[in-house]
Amino acid sequence: MPALTHTHDTRSGGAAVLTPSARRRAGRASRKTVRGAGERPSGSATAILLVGAAYCLLPVAWVLVAATKSGRELFSSFTFAPSTHLFENIGDLAAYRDGLFWRWMLNTALYAGVGAMLSVVVSAMAGYALAKYAFRGKTAVFNILLAGVLVPGVVLAIPQYLLLAQVGLTNTYWAVLLPSIISPYGIYLARIYSAASVPDEIIEAARTDGASETRTFMQVAVPMMMPGLVTVFLFQFVAIWNNFMLPYIMLGDDKLFPLTVGLSGLLNQGASQPALYTLVITGALLSIIPLVALFLVLQRYWQVDLAAGGVKA
Amino acid sequence: MRLTTGFKAAAALAAAALLVTGCSSSDDAGTGTDGSTGKASGEKVELTFWTWAPNMDKVVALWNAENPDIQVTVNKQDGGDPAVTKLLTAIKAGSGAPDIMQAEYQKIPTLVSSDALADISGEIPADVAAGFPEGIWNAVTLGSEAVYGVPQDSGPMQFYYRADVFENLGIAVPTTWDEYAAAAAAIHAADPNVYLGTFSATDAGWFTGLAQQAGASWWGIDGDAWTVSIDDTATEKVASYWGGLVEEGVINNKPMYTPEWNAALNNGTEVGWLSAVWAPGVLEGNAPDTQGKWKMAPMPQWDAAKPATGNWGGSATAVTSQSKHPAEAAEFITWLNTSQDAVNALVTESGIYPAYSPAQAGALAEPPAFFSNQPDFFEIAGETAKTAGSFTYGPNVNVAYSAYNDEFGKAAEAKSQAKFLDAVAAMQKVTLEDLKNSGFSVKE
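These protein sequence lines are chains A and B, in that order.
Counted the way our numbering counts, the first sequence spans residues 1 to 313.
Counted the way our numbering counts, the second sequence spans residues 1001 to 1444.
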């Protein structure tokens, strides 16, 4: 944290973008350089942020509490009164169709992990090329990418289905993986990031020393872009983890389903079957744990990245 | 700066690698029609089967054990609507559809008009038709010479009620709709939190069943043209009746299948349900605390001298037009829905009510576990099933149903009898116009 506050203190105008808590810490760290206006935490701003935090966290708390209730308690006992059935629920969920839930979990990890990794590779190469090379059609390519950022992925799901159906890839792992690899937003971020964090002089120096373009990219540019690439990875990982529409359309076999589609199926069993609320809620709780873990692990890179972007832009 | 050839080559190589891995994987990962090629005699045939019936894989395992040459893989689906949407997308795309598809009766005209289903009239034994009630067999032939599937289950409607509550209040089980209205008023008067039922503006299939009981048939075929008669007197009678109860406030106006509704069934503030023969499974799941307190009776009647009921739910098993093995698929679905072994398994594993009459007696000897206090459960169900009127579905049921959700949603919210009748008129208008705009020939 000290590194973060210092960078901002040296650029006093930047203090406005800090959160109140960071601002307080910044104020304590070096009171002289921060202007008085930003020093006192505003009561109303704090209140608004608290309301925002409650808005985001209450549903999570609800899932946490509801996952501990048995089916008969779920809609009858007090909403936030926890019960003792969490492990029974997990057991029921694990027993559903011979442990299909764990398969969904692995599928999701595969789609999100491999998809995000490949997406980072493509984004890094494309972004670096767009930032550092001059070639015919560069502006056109970049403009098309920008347009791609504006098109929601949901709109593309059906056309992608039709394309993949022509090569017979629907209802396979590839049907979900391939469309996840190209992320216009990831390429856009990688381009901005490599333009900002990889100085032209260093590339020139590497060339002068006789490094090939590939080696310059792999060993000089990529390490310097790493925080940005972690950001791209996280964005893409979360996007694929939460994606519903694409796998929903692409997949017919529930052994290939990711968590989102699988859990929705448990809720929509048709009129003649009871909806499996308890299983869905327990499943939802288990499905966010890996995401939370990933964020905690990669948080360090993420923060460094946000701060670095502020300085070097 | 310029792009060096080395970098270009690397990029091209990476792209090619992606393509190659993408293509080669289709062989091992691909399931369904794409993986299987034309059948030479004696060769093993693999069929995929989209269904949402629970535990269908266990029923299919019986077939697979006895038919090593025709292996069926179950792909469990999310339910009727999503499965049909996916199937239609796959039909449009030209590949990706399963060989065999569970299809609700009301979806069959839609699927047939999109050329999604194969005509299997030449592939199934001629005596199969005789085992099904006429109304149900019509649903898979659409009144033509073709056969688009073999019926699997049906959902004749009955009245489910909390016997203990009726007994405590000294109310007789209603046999007519007038008595139902009186019972609803008495129960609500005894405790204002308690309702005998709810008018659900999100369950179009439920309302269709009620209209069918009153004698409605919303679509029809007149020569070469479709007709739409949602605003006939029968449907208006039903809408006006429920609008009156909702306006009076003796019947709830909240949708079914919500957490609130589940809780109300379980805690005894919803003490009746006009449902179909599959209701025990839903009640068991949603209202486990009320075990042994429910009973089932035939539907309240409009004319006690002519008992009738409607159908809510029910589906057939069909062969899709993309299947490369329609003969084997037809053989399988005939076995699935008409052999005693398979029907027994469907009842015990999937909890369905089989449509094939000759196999019913053998499969339905015991009442459902949740209704073990009513030994004659399936006798009553069988009696009521025979009284279901015939009902023709059209090719745009989805449009009519979504119009139902929109229009009756507003009417139920407003709690106004007049608006219930407006909703019927609006459904008629929307459905008729959509049929015309879709290019069907329509007779008004």
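We put the beta carbon where it would ideally sit given N, CA and C, even for glycine.
Here the structure is a predicted model, which is why all the values come from computation and not from measurement.
- B/Pro1156: not part of any alpha helix (DSSP H); member of the beta strand (DSSP E) spanning Val1150 to Arg1162, first to last residue.
- Below the 8 Å Cβ cutoff, chain B contributes Pro1259, Glu1260, Asn1262, Ala1263 and Asn1266 as neighbours of A/Phe75, in chain order.
- B/Asn1075 is bridged by DSSP to B/Trp1050.
- Here A/Arg136 is exposed, its C-beta having fewer than 16 other C-beta atoms within 10 Å.
- Fully contained in the region 1340-1384 of chain B is no beta strand (DSSP E) run of length 3 or more.
- Using a Cβ-Cβ cut-off of 9 Å, A/Leu162 is close to Thr1089, Lys1092, Ala1093 and Gly1094 of chain B, given in chain order.
- The closest CA to that of B/Pro1367, considering only B/Ala1355, B/Ala1359, B/Thr1384 and B/Val1347, is found on B/Val1347.
- With a 10 Å radius around the Cβ and a threshold of 16 neighbouring Cβ atoms, A/Leu58 comes out exposed.
- Our two residues, A/Asn268 and A/Ala196, have alpha carbons roughly 48 Å apart in a direct line.
- The region 1160-1186 of chain B is shown to contain whole alpha helix (DSSP H) runs of 4 or more residues at 1163-1169, in chain order.
- Under the 7 Å criterion on CB atoms, A/Ala45 is classed as non-interfacial with respect to chain B.
- By the Cβ-count criterion, A/Val151 is exposed, with fewer than 16 other Cβ atoms from all chains shown falling within 10 Å of its own Cβ.
- As a beta-bridge residue in DSSP terms, B/Ala1103 pairs with B/Ala1316.
- Measuring C-alpha to C-alpha distances from B/Ala1363 to each of B/Ala1308, B/Ile1187, B/Tyr1353 and B/Trp1218 identifies B/Tyr1353 as the nearest.
- In this structure, the CA atom of A/Leu49 is about 45 Å from the CA atom of A/Leu163.
- Near chain A, meaning a CB-to-CB distance below 9 Å, the residues of the region 1283-1295 of chain B are Leu1283, Glu1284, Gly1285, Asn1286, Ala1287, Pro1288 and Asp1289.
- Looking at the DSSP output, B/Trp1219 shares a beta bridge with B/Val1228.
- C-alpha of B/Pro1151 to C-alpha of B/Asp1376: approximately 25 Å in a straight line.
- Following the DSSP letters along the chain, one finds A/Gly262 inside the alpha helix (DSSP H) bounded by residues Leu259 to Leu267.
- Those residues of the region 1386-1411 of chain B placed with their C-beta closer than 7 Å to a C-beta in chain A do not exist.
- The count of Cβ pairs closer than 8 Å, one atom from the region 124-139 of chain A and one from the region 1055-1067 of chain B, stays below three, leaving the stretches out of contact.
- B/Pro1109: not part of any beta strand (DSSP E); member of the alpha helix (DSSP H) spanning Ile1108 to Ser1113, first to last residue.
- DSSP places A/Met225 in the uninterrupted alpha helix (DSSP H) bounded by Val222 to Asn242.
- Assigned with DSSP and collapsed to three states, A/Tyr161 falls in helix.
- Inter-residue distance for A/Leu291 and B/Ala1330 is about 46 Å (C-alpha atoms, whole angstroms).
- Interface flag for A/Ser272 against chain B is set, since a Cβ pair is found closer than 7 Å.
- For A/Met218, there is no enclosing alpha helix (DSSP H), as DSSP marks it with neither H nor E.
- In chain order, Phe1049, Thr1051, Met1056, Asp1057 and Val1060 place their CB closer than 7 Å to the CB of B/Val1074, counting only its own chain and leaving out the 5 sequence neighbours on each side.
- Look at the region 1392-1421 of chain B and you find these whole runs of alpha helix (DSSP H), each 4 residues long or longer: 1397-1414.
- A/Trp174 has its alpha-carbon roughly 32 Å from the corresponding atom of A/Tyr133.
- At a cut-off of 7 Å between beta carbons, A/Arg136 makes no contact with chain B.
- According to DSSP, B/Asn1252 shares a beta bridge with B/Thr1198.
- Under the 10 Å beta carbon count, B/Trp1294 is surrounded by 16 or more other beta carbons and is classified as buried.
- Distance between B/Thr1227 and B/Ala1418, taken at the CA atoms: about 25 Å.
- Closest in C-alpha terms to B/Thr1320, from the list B/Ala1083, B/Leu1062 and B/Glu1043, comes B/Ala1083.
- Residue-level contact check: B/Asp1078 touches chain A, since one or more beta carbons of chain A fall below 7 Å from its beta carbon.
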